[in-house]
Amino acid sequence: MPASSGGKDFKMPFVNRFLLNQNGAITYTGNTLGLSRSNTVGVPGTVDSIGAFTTIDTTQKFGLYPAGTTSNFQQNSSTALLNLPAGSSVLYAELIWGGMYINNGVNLSSFLNDPVTLTTPLGSASIAPDPATAFEVLLANSPPYPPGYAYVRSADVTSIVQTAGAGAYTTSGVVGTIVVPDPTSNHAMWTLAVAYADPSMPLRNLSIRVGAAVILATSGPVSTVVTGFATPFQGPLDARAAISAQEGDANKTGDQARFGPTAATLRTLSGPNNFANNFFASQINNDAGLLDTSGTFGTRNQINGNPGSDIPAGRQGYDVTNVSLAGTLQNAQTSAVLQLTTSGDGYLVDSVGIQIDITQPILTIVKSASAADAVVGDSITYTLTVRNTGSVTATNVQVTDGIDETASSFVAGSVTLNGTPLPGADPDTGVTVGSLAPGATAVITFKYKVTAVPFSGTLDDQGRVAYTYQPTPDSPVISTFVPSNIVRIPVYQPILTLVKSGSPSLAPLGGIVTYSLLVENSGNIAANVTIVDPIPAGSTYVPNSVTVRGVPAPGESPVTGIAVGPVGPGESAVVTFEVQATSIPPDGNLVNQATASYTYQPPDGRTLTGRTPSNTVVIPVVAPVNPPIVPVEKSADASSAIIGQTVTFTVSVANESVGPIDNAVLTDTIPSGYAFVTGSVVVGGVPNPAANPASGIPLGTLASGATATVTFQLLVLSAPEPPVLTNEASLAFTYFGAPNSSASNPVDVEVLQPVIGLTKRASVTVAAVGEVVSYSVTATNTGNVAAAVTILDPLNAYSSFVPDTARVDGILVPGADPTTGIAAGTVAPGGTVSVSYDVLLTSSPPDGQFDNQASAAFTFSSPSGATGSGTALSNLVTILETDPQLSVVKSASQTYALVGDRITYTIVVENVSAGPAANVVVTDDTTPGAVFVPGSLAVNGVPSAGNIAAGVSLGTLAPGQQAVLTFVEEVVSLNEPDYDVDDVATATFTSGGTTVASLSNLVVVSVANPSVTAIKRALTPFAFVGDEVLYEVDITITGNYNADIIWSDHLPEGSVFVENSLQLDGVPVPGANTQTRAFVGTVEANSTATVTFKLKVVSFPPGGVLVNQARLDLTFILPNGRIFTQTITTNPVTVPVLALASLVKRASVSTVTVGGSVRFELAVLNPNTQPIENVIVYDALAAGLQFVPGSLTVGGTALPPELTPSRIPIGAVPAGSTVIVAFQVLAAFAPPIPVVVNSASAGYELLLPNGSRLPQVALSNTVQVLIEEEEE
């Protein structure tokens, strides 16, 4: 695809789908779904873009492509082989698919989330895409084509592949485009990524990631940090990477993959069939990196090279490979960086699988759950057992565990560490374990509540432990993390709906009403259903009228419950029963609602219950003396019609009442889209020319048993949306003097109408007289009936058709001519047909533009034989004329720029004709975003005062003469939406007395917008000394250019960094801290990365608050090698640190004789920056001491004499203040133990930053006083 600017949605480049340490390996297989095209629809060629889809149905053939091709993406398919070693077992499998969905007028957005079909060695399955890995990205932005968009979808197919094993896999129905022409970006593909266990293989860190990393020269490289492994401390190293990519091209170079320990130590990857500078070249490789020829069209491969070349109808637009990483690793390595970059060919990487040979970690982490399966509402206790199996101590141990937030929630306060509760801990942000000595074990437990059925049906969970250790005294310190086993818990839930209806809608007194109940189960487990439906007041149940699933159920009653039985997932059942209207209810209506009670049993054997109510059904009850029975039946002579067709309707009225009906008038409201045919009414076989059903057709009196038949005609005028015309008749009459009415059944007539849309394209946008231009016209039928289409193009007066160049879907049609009409054949509903033809430009149009528009004439018919016709116009296609007598070549001093840069443009004008070109004037109007720099213009090296935008006169240029113009423009703003500055120069001149023009090539300068925002927040609103504070930083690229980001953070006084607590998008980054900083990787344009970490409060900070902010060092690498750096800081974040109040007690003496007094003082100290409130001191005096009433003071102020030390209200203690409470006691007597021990407590409330209050209690020290008997 072309190198052009692009963007993506707000997700990081890759989503981690699988991570495990296991003896085993990663394998990728897959195939393209398209073959390379020419510039003609349906004709294969060597253009690096697909023009036909592949299919395993070899009876299909599109145009001149080989058998096994189609033009319909819904019918595409291809096969690849999955090879697995004998004795291996599948650990995980992911199906990934993608392609273009918006491309040069084609928009398939509505199909993106449709399931695809995966056919395995054991059968087929419909695979719905997982929303967690749904990406849509801008992939092609190459003027004059409109922006083109690609997508990625994927799903976990582990259980399917585990069952099916190795063999042939086929994927079909993948959205893609094959539009001609296009910016060489048509493609469609699929990949099956599999991780498997094999005990004969080394212990490896296995990981699979899925994403949509758009790699374009105009947006910069993408770097991804890989962690969670530790290579051997010494000895040989090995690793491999499996990569799946879209839109790599053999004939374009510059695309590279790099890997290394850090961003500064990357090495370029290559393999047996992957060139270092053309890594992605539409090559489908096996696990050894060699070309895989086993799949569909496996022998039709583009020729690899640097650059390579394309073959006609070659497998195109898809790469899958497996290359060695061994030469990029170091001993004792615990993290790495994968960088994808290009200086030319753009591409999209949708999955990366990495396997790294590792040493046995010193820590093991095993995860278990309290349940093997669950239902919505269950709480599950998870246990993570971390054990040090090594010979050295592991320090800074952090345990994390994140679960599916869409289907579960953490139960606050449920974390325990070795049996001790940790009230504020959350496994998602990390549980601090500390150090683990050799042989030591830490057990962490916590609970999650199941809130919904997960997308995959199982709640998948995995823990991680990050730690630091030093293998030997002389070795470096290593920080790494280890993943636990994956715990998968199936979640079961029947989801029942109960829909109730009743018939008739109006119940006559004494009449029968039939109720229908539809129960459906959209859940994933069968439910045993019983329906209870109380009989409404005014009615009685008709015994033995119950049916279940269409089968009579005698003895069942809705009152006591109708046993429906099991309703499985995706199944439904219908229950009916009857009641008789026996009296008129108080409100005149039968009001009724049913309830479905159900039980279900998950595999754990529990029997669970549920209830689902139906909607409420209201049926009025009417009570005539003898209810009239007057059915009205309506029919039409056609169930479908075309516009302009006449439809005859017949309405039959039968009086089945015991008496006559009078004043009968038949009315038929005519809906929009019909017109009444005047004079068409016939009543009882007698024409009634003046009658009109819209105003009412009088039928008079119908005796009991009599019938009347009315016919009339309606003309179809238009098609509604949806294209169905519905109408019904109604009969108004009186019965024994009382007004009544009956309605007919509705009658639907589908209006058949082809909706033909034409999209016209040209092979060029600029051309000269004498050149041949190829036009293509695509006709799409979005209607509901097939149409025979003829494409017409009258051309213009300045061009002519090139005979025998017309093609229909790539097939040459000799003799066909667009000026007289090219028969394109029949286009079925939802179908398309493409017509192409060549046109010779014969003369110059006065306005310098070759404007052209095609049309379509089409015919169609209804099943009854009525025929119709219509026309459609295409879009207008304009080709700018350039005169070949002058050559105008434009260039720029740089093709990538930043706002503020100055760009020097050079225009070389040369007369390449045999005669002079007079009155030559050169103009250049740039697109918004750049302005001409006054005084910068030079002509043939001589400065000129002119302005290029106003035109520069060059006079006459003799044959072969050149003129060179240079000028400078300054980039002043970003030109939305693509940030490109586009420039074309125009040279007008006089030739033979006629003014003509020549256009230069288009020069595009891409303007980089390195704009970044970073928002920091504290997820812990306040803390005490000893607490941990969790911070989160969201880093968002709001501009159009990717950035490599290094994070660091100011460490506030009073805190320390919690080692190994840093996480990047939920993945631990061991070893990184506020001092060492952390390489976040690449944050792509319009995407966000999230960094979380913890600080521990170790002392009370100055001012009582922790204040800090993060720093981000950003690097932008432009395609021309220019490096732009930027440093930004986040908003400062303040976290109050709260301190507990203290209570100090003192006694005035340590010894007292009986009858003597003691003064007690209590000092309440508030060290916080906010007051404490509602302070109450409690002091229970010991035996032998007696309070002296009236002696109680607070802050020197006496309190009322009725107050005692047992409860002393103080109120508020200001910030940083101390309040003294004092009172006196008498030594009343000497207790058996003469030394009395006394202490106090204080209850108070801390004011929190959010305005709430936190109750606390402060305990004083103890005071001892010796009471002695008075000597006699």
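In the working numbering, the protein residues as written are 1007 to 2278. Where is the CB? At the ideal position from N, CA and C, for every residue including glycine. Remember, predicted model here, so these are calculated numbers, not experimental data.
Review point. Less than 7 Å separating the beta-carbons of P2076 and S1116?
Key: no
Could you round the C-beta distance between D1989 and T1901 to whole angstroms and report it? I think they count as a contact, below 8 Å. With 8 Å as the limit, D1989 and T1901 do not qualify as a contact, their Cβ atoms being about 11 Å apart.
**Request:** Could you tell me which residues DSSP puts in a beta bridge with Q2230?
**Result:** Under DSSP, Q2230 forms a beta bridge with R2165.
### Message
According to DSSP, is T1139 part of a helix, a strand, or is it coil?
### Response
helix
message = For the pair the segment 2008-2018 and the segment 1892-1910, tell me if three or more CB-CB distances fall below 8 Å.
response = Between the segment 2008-2018 and the segment 1892-1910 there are three or more inter-stretch CB-CB distances shorter than 8 Å, so the stretches are counted as touching.
Worksheet item: Helix, strand or coil: which one does DSSP assign to I2051?
Response: strand
Next on the checklist: What residue range does the alpha helix (DSSP H) around T1464 cover?
Outcome noted: Where T1464 is concerned, there is no enclosing alpha helix (DSSP H), although the beta strand (DSSP E) it sits in stretches over 1464-1475.
Using C-beta distances below 6 Å, list every residue in its chain close to Y1547, excluding the 5 sequence neighbours before and after it, in chain order.
I1541, V1585
- Y1202 vs G1030 beta-carbon contact at 7 Å: Going by C-beta atoms, Y1202 is nearer than 7 Å to G1030.
Review point. Count the other CB atoms within 10 Å of the CB of F1239; is the residue buried (16 or more) or exposed (fewer)?
Key: exposed
Quiz prompt | For F1718 and E1639, the rounded distance between their alpha carbons | solution = 14 Å
- request: Count the other CB atoms, across all protein chains shown, that sit within 10 Å of the CB of V2104; report buried if there are 16 or more and exposed otherwise.
  value: exposed
I'd like to know if the segment 1562-1579 and the segment 1642-1655 are in contact, where contact means that at least 3 CB-CB pairs between them fall below 8 Å.
no
Tell me the DSSP secondary structure of A1170 in three-state form. helix
Check your understanding: So M1195 is in the beta strand (DSSP E); what residue range does that whole segment cover?
Key -> 1194-1203
*So what's G1561 in DSSP terms, helix, strand or just coil?*
coil
ask   = Helix, strand or coil: how does DSSP classify T963 here?
value = Past the boundaries of the shown model lies residue 963; the chain is included only from 1007 to 2278, so the question cannot be answered.
How long is the line joining the alpha carbons of T1164 and A1099, rounded to whole angstroms? 4 Å
Specify the secondary structure class of S1165 as computed by DSSP and reduced to three states.
helix
Practice problem: Please state if the CB of N1310 and the CB of A1263 are separated by a distance shorter than 7 Å. | Solution: no
Using only CA atoms, which one of Q1252, D2055, P1633, A2084 lies nearest to N1192? Q1252
- Query: Less than 7 Å separating the beta-carbons of L2254 and F2099?
  - Reply: no
query: Taking the DSSP output, what are the residues bridged to Y1071?
result: The partner list for Y1071 (beta bridge, DSSP) is empty, contrary to what the question assumes.
CB-CB under 6 Å to D2280, same chain, minus the five flanking residues each way: which ones, in chain order?
Residue coverage of the chain in this structure runs from 1007 to 2278, which leaves residue 2280 outside it and unanswerable.
Residues near A1697 by beta carbon distance below 6 Å, same chain, minus five either side: Excluding residues within five positions, the ones whose Cβ falls inside 6 Å are V1687, I1703.
Assumed close pair T1061, S1083 - CB separation to whole angstroms, cut-off 8 Å:
5 Å
Legend entry - CB contact flag (Y1737, V1659, <7 Å): Before going further, note that residue 1737 is Leu rather than Tyr in the sequence given. In contact: L1737 and V1659 (Cβ atoms closer than 7 Å).
For this session: Would you kindly work out how many angstroms separate the C-alpha atoms of N1022 and A2084, rounded to a whole number?
Result: 19 Å
Expressed to the nearest angstrom, what Euclidean distance is found between the alpha-carbon atoms of A1513 and T1566? 24 Å
### Query
Which value, in whole angstroms, describes the spacing of the CA atoms of T1588 and T1713?
30 Å
- Please classify G1333: does DSSP put it in a helix, a strand, or coil? Of the three classes helix, strand and coil, the one that applies to G1333 here is helix, per DSSP.
TODO: Compare the beta carbon distance of I1371 and G1396 with 7 Å and say whether it is the shorter of the two.
DONE: no
Taking 6 Å as the limit between beta carbons, can you name the residues of its chain near N1733, skipping five residues before and five after? P1677
Leaving out five residues on either side along the sequence, give the residues of the same chain with a beta carbon under 8 Å from the beta carbon of V1417.
-> S1385, F1452, K1453, Y1454, K1455
Let me check understanding here. Comparing Cα to Cα, which of D2033, V1185, L1465 lies closest to V1493? L1465
Which runs of the beta strand (DSSP E) spanning at least 3 residues fall entirely within the segment 1362-1440, listed in chain order? 1369-1375, 1385-1394, 1400-1408, 1414-1416
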